[in-house]
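S.K.:
Number of protein chains: 2
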Amino acid sequence: MAAEQDPEARAAARPLLTDLYQATMALGYWRAGRARDAAEFELFFRRCPFGGAFALAAGLRDCVRFLRAFRLRDADVQFLASVLPPDTDPAFFEHLRALDCSEVTVRALPEGSLAFPGVPLLQVSGPLLVVQLLETPLLCLVSYASLVATNAARLRLIAGPEKRLLEMGLRRAQGPDGGLTASTYSYLGGPPIPPPSSPGFDSSSNVLAGQLRGVPVAGTLAHSFVTSFSGSEVPPDPMLAPAAGEGPGVDLAAKAQVWLEQVCAHLGLGVQEPHPGERAAFVAYALAFPRAFQGLLDTYSVWRSGLPNFLAVALALGELGYRAVGVRLDSGDLLQQAQEIRKVFRAAAAQFQVPWLESVLIVVSNNIDEEALARLAQEGSEVNVIGIGTSVVTCPQQPSLGGVYKLVAVGGQPRMKLTEDPEKQTLPGSKAAFRLLGSDGSPLMDMLQLAEEPVPQAGQELRVWPPGAQEPCTVRPAQVEPLLRLCLQQGQLCEPLPSLAESRALAQLSLSRLSPEHRRLRSPAQYQVVLSERLQALVNSLCAGQSP
Amino acid sequence: MAAEQDPEARAAARPLLTDLYQATMALGYWRAGRARDAAEFELFFRRCPFGGAFALAAGLRDCVRFLRAFRLRDADVQFLASVLPPDTDPAFFEHLRALDCSEVTVRALPEGSLAFPGVPLLQVSGPLLVVQLLETPLLCLVSYASLVATNAARLRLIAGPEKRLLEMGLRRAQGPDGGLTASTYSYLGGPPIPPPSSPGFDSSSNVLAGQLRGVPVAGTLAHSFVTSFSGSEVPPDPMLAPAAGEGPGVDLAAKAQVWLEQVCAHLGLGVQEPHPGERAAFVAYALAFPRAFQGLLDTYSVWRSGLPNFLAVALALGELGYRAVGVRLDSGDLLQQAQEIRKVFRAAAAQFQVPWLESVLIVVSNNIDEEALARLAQEGSEVNVIGIGTSVVTCPQQPSLGGVYKLVAVGGQPRMKLTEDPEKQTLPGSKAAFRLLGSDGSPLMDMLQLAEEPVPQAGQELRVWPPGAQEPCTVRPAQVEPLLRLCLQQGQLCEPLPSLAESRALAQLSLSRLSPEHRRLRSPAQYQVVLSERLQALVNSLCAGQSP
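Heads up: the protein sequence lines correspond to chains G and F, in order. For what it's worth, my numbering labels the leading residue of the first sequence as 50, then goes sequentially. For what it's worth, my numbering labels the leading residue of the second sequence as 50, then goes sequentially.
1) Within a Cβ cutoff of 6 Å, which residues of the same chain sit near arginine 328 of chain G, ignoring the five residues on either side of it in sequence?
2) Rounded to the nearest angstrom, what separates alanine 482 of chain G and glutamine 71 of chain G at their Cα positions?
3) Are the C-beta atoms of proline 240 of chain F and some chain G residue less than 8 Å apart?
4) May I ask which residues mark the beginning and end of the beta strand (DSSP E) holding isoleucine 411 of chain F?
5) Using beta carbons (cut-off 8 Å, strictly below), is threonine 269 of chain F in contact with chain G?
6) Consider the C-beta atom of arginine 146 of chain G and the heavy atoms of the ligand ZN; say whether any pair is separated by less than 7 Å.
7) Name the two residues that bound the continuous alpha helix (DSSP H) containing glutamine 388 of chain G.
8) Given that phenylalanine 338 of chain F touches chain G, what residues does it touch there, using C-beta distances under 8 Å?
9) Aspartate 7 of chain F touches chain G at which residues, Cβ-Cβ below 8 Å?
10) Between aspartate 286 of chain G and alanine 81 of chain F, what straight-line distance do the alpha-carbon atoms span, to the nearest angstrom?
11) Could you give the DSSP three-state label for glycine 209 of chain G: helix, strand or coil?
12) For chain G, find out if any of its Cβ atoms is closer than 8 Å to the Cβ of tyrosine 334 of chain F; answer yes or no.
13) Is it a yes or a no for the region 334-348 of chain G touching the region 359-377 of chain G, going by three-plus beta-carbon pairs under 8 Å?
14) Identify every run of the alpha helix (DSSP H) within the region 140-202 of chain F, keeping only runs that are complete inside it and at least 4 residues long; order them along the chain.
15) Measure the alpha-carbon distance for alanine 106 of chain F versus valine 504 of chain F and round it to whole angstroms.
16) So, for tyrosine 17 of chain G: in the same chain, excluding its five sequence neighbours on each side, which residues have a beta-carbon less than 6 Å away from its beta-carbon?
17) Check whether the Cβ of glycine 228 of chain G lies closer than 8 Å to any Cβ atom in chain F.
18) Between which two residues does the alpha helix (DSSP H) harbouring tryptophan 79 of chain F extend?
19) Of all Cβ atoms in chain F, is any one closer than 8 Å to the Cβ of cysteine 97 of chain G?
20) If we ignore side chains and look at the alpha-carbon of each, how far apart do glycine 209 of chain G and alanine 426 of chain G end up?
21) So which residues on chain F does aspartate 489 of chain G lean against when the C-beta distance must stay under 7 Å?
22) Would glycine 77 of chain F pass as a contact of tyrosine 334 of chain G if the rule is Cβ separation under 8 Å?
23) Quick one: residues in its chain with C-beta nearer than 7 Å to the C-beta of serine 488 of chain F, no 5 flanking neighbours on either side, listed in chain order?
24) Please classify tyrosine 454 of chain F: does DSSP put it in a helix, a strand, or coil?
25) So, helix, strand or coil for aspartate 379 of chain G, using DSSP?
26) For arginine 83 of chain F, does the count of other Cβ atoms within 10 angstroms reach 16, so buried, or fall short, so exposed?
27) Would you call the region 121-139 of chain G in contact with the region 200-219 of chain G, where contact means no fewer than 3 C-beta pairs closer than 8 Å?
28) Mind checking if phenylalanine 128 of chain F is an interface residue toward chain G, Cβ cutoff 8 Å exclusive?
29) Give the range of the alpha helix (DSSP H) segment to which arginine 484 of chain F is assigned.
30) Methionine 494 of chain F bridges to which residues according to DSSP?
31) Within the continuous alpha helix (DSSP H) that includes glutamate 271 of chain F, where are the two ends?
32) Using only the alpha-carbon positions, how far apart do glycine 451 of chain G and phenylalanine 274 of chain G sit?
33) Could I get the ranges of all uninterrupted alpha helix (DSSP H) runs contained in the region 510-582 of chain G, with 4 residues as the minimum, in chain order?
34) Tell me, please, which residues DSSP counts as bridged to phenylalanine 93 of chain F.
35) Any residues in the region 346-359 of chain G with a beta carbon nearer than 8 Å to a beta carbon of chain F? Which ones, in chain order?
36) Kindly indicate which residue of G:Val155, G:Gly100 and G:His272 has the alpha-carbon position closest to the one of threonine 598 of chain F.
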């Protein structure tokens, strides 16, 4: 996608978007003569978000973009010099000036993969000083992307396959590219549903996500458009040509006024009740979008103004061969109103002999969270499209994934943080990760082992250690999938990154294979991540040897 | 600040960072001949965040930067053309290409002001099409900045004036410039405490916020630095010169080893118990930062390893005339450990006759929320510095301010959204806003009135309407402060924007004047925002006239 080459699109993260302690540690490593020691870090999370049992990996494309452009500019080095001790050896700053990621190798869970606690989303190896500096930006880029993709997948699971979901949270996002990230990865979040239903969110209101990331964009109109019209405005060209392109144009406002009388008579309303400014706004919108006319119904009163005005304009358009596409509701009891509006559409379709009116889309929005979504998606709901903002973008149930980036090896030797808090212990050593699958293709558990161990074979019995277990257990996987793909090798991209659509398809496939119990939104049954016998033995020996 | 001129610093928001419906409405306005109608919007929020009774206004500097650079590039217009109907009049796109904010005027609450529900943070006037397009980016820039500034002010209120607060949430932020915004505005969030205590957060770990925004940066070291050392490493230069700069250097590691024996004897530990790699890491850090040595204590075991290793290195440094500055704890019961560590410091200070050891800073971190902070800040706590990440940056109690941007006037005529949901009604007309103060200078209430009304005078009795009241009430303010300042006039900056430090001072002053009941974190007593009689009359007449 050409837009991806846009230099501005690459500026989201840059080297100084990091914690100061990365720079102080860099000086410490350098002073100790260890800047170029070979090191490996793993980026992972400790618990699945939102009380569920799965997460989706995302953010890799942003990491790759960041790593390939990584270079400290002169101004960056000067700023670091201003906050480090004044007597720091100038050779350190020369070292910083020459840094890039040309010696950095990254293995990663592809975007859209299922991710589980302790399984690396990224393995980053390279010179100790450089890979330490990468910690904060990589965490910043991966954690939120994965969180919002997971959140979107949950919302899709609740909505089911039929409802269209529109992400519209940019205005509520925590910063501009929080919004861009959210719009991108809420589109990625794919559900376990078969085609032709759309996976993830269907579209976003965020134009920049469309331009830079190829996310389909959608939008209707706001209350301000409606209130901006009083009804006394005279459009420069009030005429609309028929849809077929033949025959004379008609004055759409005049035509709508004629229909209004019939609509009001049908609905039992006085013809003065519907707000003339709202009708003028609908006519103006219809003149601009005759093939995509939508009405926002709740500016003044849905029943006495929005709905009759919409019907008048829609029927006027219909006479010219156009079909209105939708109405939007942004307040009140959305489900109840949708049911009643559908009844009105059906009755009007019969009354005025315009069958297409029955199936005009009903779009709803207004602080929709998981609970409200479940109600709107229930059997028999007449809602067609659901716009979600704050709940998808800010992830209010858990606004941070809590990703961490931990050193696992230096100079080929395993490293481990022991601490007195068992949850904060790390798993030492350079590792490989495999997904063990049952005969039906569903994931049984993920296994971590040391990188040098032989790859486990399908059909063979394996002895593995569940976390905290006193004894190993055995498993005989029908299939074994390696999880981590070589993404950057010595700074070079190893294969083209999948497109967002491809990642979305992977998310859909991944979730479709997950067992129903692990797909639940509140899952007491956590998916197991186990250790190979050798990895468990290494943990034991380091605990015994290092722990005083 | 020169760094503010950095072109990259300005790229956070750009014109297409908007909802598609802004573009569809733009076409609607244009088709209706109304693109250049004079319009005014107000940006405000409906409820104070976090269950409190105040908010701080922030984000204005980002808005000004965005507005002054606002211009659609060719690629932007082409993208819009690709998502609007194919038969759209090309003249519309010519209109877009020529857009800028040279006819836009903005009045605003200065950054660091107290903000209350319904009082505009921004009043934006200009051609209808342009000011409509600005809705989403302005909301995105103001809402999160104000939310995080308010959140930081609350955390400072809990922490009290003595504790130093370090913002360290970049890795947990919702996107890269979510992190930048958070670091900037958590520094702004000022508390009602007298100098010399620092207002707001004292510093941030975010280097970019230091470089671009002038926020003081701070940092220590991570567990990875500690685990990267095994103890067998040999630094290229193990020697450290005395602090006074005179006399021969000494081998710091060897000196620390000598001290370790004394420390272990004092603490009743075996000299083999402290981890040699951790000690090597501390020595390496001390060699790089002899005047700013800090130890991270909980990589292996605080009591049997981190603390004795820290003391050994600190005492070795002390012999050379340097004073260690701090220790950090990142797990376990932070308050309890701090109390015990302080006891150890006092005993060791006496034992080894180094009084400065008593006052080494104790820095704590680890998912500190409002509740945990209150405990750490309690009377007698030995904690000195508190690092807060997720809780300040993601605002988990309420991750979105819920700001809105509503049309209040077109062509000088007031506009109002009525709707059937009373909370979503808007206040019509171009307005002025005043803060009415008591004789002690504390704010009594904010008053909104129509722009053309005379400015209320101090000492005069005013009749005002509280929200939803059946009768007006009277108030006689001792002082009256206009709230909104002219910021951009016809696209031109009217006065230099205050520096971040000046905004921070205003936040401090603002909060210090707020009554204790409105400063409470959970406040049943909401601060009142009232309407002038004429504004209330306008609301009444529009409700009567427009509501069918």
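The beta carbon of each residue, even a glycine, is placed where N, CA and C say it ideally should be.
M.R.: Reading it off the structure:
1) Cβ within range, chain order: Asn358.
2) So the alpha carbons of these two residues sit roughly 28 Å apart.
3) Confidence at proline 240 of chain F is low in this model, with a pLDDT of 48, below 50, so the placement of that residue should be treated as unreliable; the coordinate-derived value is given next. No - not a single Cβ of chain G is within 8 Å of the one on proline 240 of chain F.
4) Going by DSSP, isoleucine 411 of chain F is part of the beta strand (DSSP E) stretching over 410-413.
5) Chain G, which has a Cβ nearer than 8 Å to the Cβ of threonine 269 of chain F, makes this yes.
6) Absence of the ligand ZN is noted for the structure shown, with no ligands found whatsoever.
7) From DSSP, the alpha helix (DSSP H) with glutamine 388 of chain G extends over 383-401.
8) Neighbours of phenylalanine 338 of chain F on chain G, chain order: Thr73, Leu76, Gly77 and Pro134.
9) There is simply no residue 7 of chain F to check, as chain F begins at 50 and stops at 597 in what is shown.
10) Rounded to the nearest angstrom, the two C-alpha atoms are 8 Å apart.
11) Residue state, collapsed to three classes: coil.
12) Yes, tyrosine 334 of chain F counts as interfacial toward chain G.
13) Put simply, the region 334-348 of chain G touches the region 359-377 of chain G. At least three CB pairs are less than 8 Å apart.
14) Runs of the alpha helix (DSSP H) inside the region 140-202 of chain F: 177-182.
15) Alanine 106 of chain F and valine 504 of chain F have their C-alpha atoms spaced approximately 23 Å apart.
16) Within the shown structure, residues of chain G are numbered from 50 to 597, placing residue 17 of chain G beyond reach of any answer.
17) Yes, because at least one Cβ of chain F sits closer than 8 Å to the Cβ of glycine 228 of chain G.
18) Where tryptophan 79 of chain F is concerned, the enclosing alpha helix (DSSP H) starts and stops at 69-80.
19) With a threshold of 8 Å between beta carbons, cysteine 97 of chain G makes no contact with chain F.
20) Annotation: glycine 209 of chain G to alanine 426 of chain G spans about 7 Å, alpha carbon to alpha carbon.
21) Those do not exist, as aspartate 489 of chain G stays about 37 Å from chain F at its closest Cβ, beyond 7 Å.
22) Yes; because the gap between Cβ atoms is below 8 Å, this pair is in contact.
23) Correct list, in chain order: Ala527.
24) Here tyrosine 454 of chain F carries a strand assignment [DSSP, helix/strand/coil].
25) Secondary structure of aspartate 379 of chain G (DSSP, three-state): coil.
26) Buried, since its Cβ has 16 or more Cβ neighbours within 10 Å.
27) Contact between the region 121-139 of chain G and the region 200-219 of chain G is absent, because fewer than three Cβ pairs lie under 8 Å.
28) Answer yes: the Cβ-Cβ gap between phenylalanine 128 of chain F and chain G drops below 8 Å somewhere.
29) Note, arginine 484 of chain F: premise wrong, no alpha helix (DSSP H); beta strand (DSSP E) at 480-486.
30) The beta-bridge partner set that DSSP reports for methionine 494 of chain F consists of F:Leu485 and F:Gln577.
31) Per the sequence presented here, residue 271 of chain F reads as alanine, with glutamate not at that position. Note, alanine 271 of chain F: premise wrong, no alpha helix (DSSP H); not H, not E.
32) Looking at the two C-alpha atoms, the distance is approximately 41 Å.
33) Listed in chain order, the complete alpha helix (DSSP H) runs (minimum 4 residues) inside the region 510-582 of chain G are 549-562 and 565-568.
34) Note: phenylalanine 93 of chain F sits in a beta bridge opposite F:Val453.
35) Here the close residues are Asp347, Thr348, Tyr349, Ser350, Val351, Arg353 and Ser354.
36) Past the edges of chain F, shown from 50 to 597, lies residue 598 of chain F, and the structure says nothing about it.
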